[in-house]
Each structure stands twice: as structure tokens, then as C-alpha cells.
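See below for the structure under consideration.
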Amino acid sequence: MIELRGKAVADAHKEILQEKMTGLEYGTITMAVLLVGDDHGANMYADFMEKTAKNFGYGF
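Written as C-alpha cells, this is what we have:
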């Protein structure tokens, strides 16, 4: 049986992604979410995306 440690894998991928984004010649990266309606699940997803963007240092 193989034990997969999700946090360790996610942290490794986050580090790789940050290195790739640092090397881009573009300006600041900004993420946008457009919510239509009042769906609780969609609002939770948008909140998660905002938190993720801020963790990576992106604009939101």
C-alpha cells in the first residue's frame, strides 16, 4: 500500500508553480471570479480561489 501525503504533494506543486510564475515576463498576475446568482457552493469556491490567489501573491 502506498501512502500519499496530500499536503506534502500540494506544497511541492505550489513551490514549482511559484518558481514558474516568477520567471514570467508579464506584469502582476490577477485572478477574477464572476458570480451569477446566489449559490452557496459557488460563493465558497470563490472564497477559496481568493485565498489561493493571495497565498500565491496574485491580485484578486
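Just so you know, we're using our numbering here: the sequence shown kicks off at 31 and counts up by one. The beta carbon of each residue, even a glycine, is placed where N, CA and C say it ideally should be. Computed from a prediction, not measured in an experiment: that's the story for all the values here.
Pair within 7 Å by beta-carbon distance, residue i and residue j
i     : j     : result
Ala72 : Leu64 : no
Ile46 : Tyr88 : no
For residue i: DSSP bridge partner residues
i     : result
Thr60 : Gly89
Expected contact under 8 Å - CB spacing of residue i and residue j to nearest Å
i     : j     : result
Phe90 : Lys84 : 6 Å
Selection from the options that minimises the alpha carbon distance to residue i
i     : options                    : result
Thr82 : His70, Asp68, Ala62, Tyr56 : Ala62
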